[in-house]
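Chemist:
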Amino acid sequence: EAQVTQNPRYLITVTGKKLTVTCSQNMNHEYMSWYRQDPGLGLRQIYYSMNVEVTDKGDVPEGYKVSRKEKRNFPLILESPSPNQTSLYFCASSLSGLNEKLFFGSGTQLSVL
Amino acid sequence: AQSVTQLGSHVSVSEGALVLLRCNYSSSVPPYLFWYVQYPNQGLQLLLKYTSAATLVKGINGFEAEFKKSETSFHLTKPSAHMSDAAEYFCAVSDLSLQGAQKLVFGQGTRLTINP
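Protein chains in written order, with our numbering: chain E, 1 to 113; chain C, 1001 to 1116.
#1: Beta carbon of residue 1110 of chain C, beta carbon of residue 1003 of chain C: below 9 Å?
#2: Looking at residue 1048 of chain C and residue 104 of chain E, is the spacing between their C-beta atoms short of 9 Å?
#3: Excluding the 5 residues flanking residue 20 of chain E on each side, which residues of the same chain have their C-beta closer than 6 Å to its C-beta?
#4: Tell me, please, whether the CB atom of residue 64 of chain E is closer than 9 Å to any CB atom in chain B?
#5: Opposite residue 1088 of chain C in the DSSP bridges: which residues?
#6: Under three-state DSSP, which class holds residue 1069 of chain C?
#7: Do residue 3 of chain E and residue 27 of chain E have their CB atoms nearer than 9 Å?
#8: Would you list, in sequence order, the uninterrupted beta strand (DSSP E) runs of no fewer than 3 residues that lie entirely inside the stretch 40-75 of chain E?
#9: Got a sec, what are the start and stop residues for the beta strand (DSSP E) residue 1024 of chain C sits in?
#10: List the residues of chain E that residue 1025 of chain C touches, going by C-beta distances under 7 Å, in chain order.
#11: Mind checking the stretch 1041-1064 of chain C against chain E and listing, in chain order, the residues whose C-beta falls within less than 8 Å of any C-beta there?
#12: Taking the alpha-carbon of residue 109 of chain E as reference, which of E:18, E:88, E:79 has the nearest alpha-carbon?
#13: Does residue 26 of chain E come out as helix, strand or coil in the three-state DSSP assignment?
#14: Can you tell me whether residue 12 of chain E is buried or exposed, with buried defined as 16 or more other CB within 10 angstroms of its CB?
#15: Is the stretch 1073-1082 of chain C touching the stretch 25-43 of chain E in the sense that three or more CB pairs, one from each, lie closer than 8 Å?
#16: Could you give the first and the last residue of the continuous beta strand (DSSP E) run that contains residue 1060 of chain C?
#17: Following the continuous beta strand (DSSP E) through residue 5 of chain E, name the residue where it begins and the one where it ends.
#18: Can you name the residues that DSSP bridges to residue 10 of chain E?
#19: Listed in chain order, which residues of the stretch 1082-1098 of chain C have Cβ atoms closer than 7 Å to some Cβ of chain E?
#20: Out of curiosity, what's the CA-to-CA distance linking residue 35 of chain E and residue 64 of chain E?
#21: Please report the distance separating the alpha-carbon of residue 71 of chain E from that of residue 1035 of chain C.
#22: From the beta carbon of residue 1080 of chain C, is the nearest beta carbon of chain E less than 9 Å away?
Now the structure itself:
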């Protein structure tokens, strides 16, 4: 089954404790991206990757890192999480870019205490 | 930069009634426009996409949207609401940053409630 898999589904952590949210797609997609969803703000892009060689910042990259060492995986790293990073996070992928259908993961609800 | 405005954070309709969810965008050139739906505890799914091939776009589950350049609108409609349509709906427009980065700009979302 074609899908984008995120883990974990729920995560509660404390301020300053490094964490990684994993994202993997099995559709051989070139394009991958991370969004955060906050009430009243819709989804905002954190980082995106056009392919394994090109990764760039989105609208709200501060406090986040990403890695694209291989095509299928695109982990989101919070080196020192803070409470304002409490949010619902989504990973998404598409065949080659934004003007194509984006496939979304089921989301990761992160709470930073 | 592109922006998207969805009018109404909550819309409530009766089962069988017309669904109308409003979306306006800011753009000086014909954009790519999308409607995505998010069911409870799930990721977003594409409902439909406008790519300038036709102004009336048909999507899944009986939804359709009409691109009106003069009004910079891309409203989503469904003639007869079903209980399973209860979800949050997002309008989005693709954009390029000054650095050439591809962005998908989302509206704030509209939560649709269906009354029996």
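No residue lacks a Cβ here, since even glycine has one placed at the ideal position from N, Cα and C.
Modeler: Taking the structure as given:
#1: no
#2: no
#3: 75, 77
#4: Of the chains in the structure shown, none is chain B; the protein chains are E and C.
#5: C:1038, C:1111
#6: helix
#7: yes
#8: 42-51, 54-57
#9: 1019-1026
#10: Under the 7 Å cutoff, chain E gives no residues; its nearest Cβ is about 13 Å from residue 1025 of chain C.
#11: 1041, 1042, 1043, 1044, 1045, 1046, 1049, 1051
#12: E:88
#13: coil
#14: exposed
#15: no
#16: From DSSP, residue 1060 of chain C is part of no beta strand (DSSP E); its letter is neither H nor E.
#17: 4-7
#18: E:109
#19: 1090, 1094
#20: 11 Å
#21: 27 Å
#22: no
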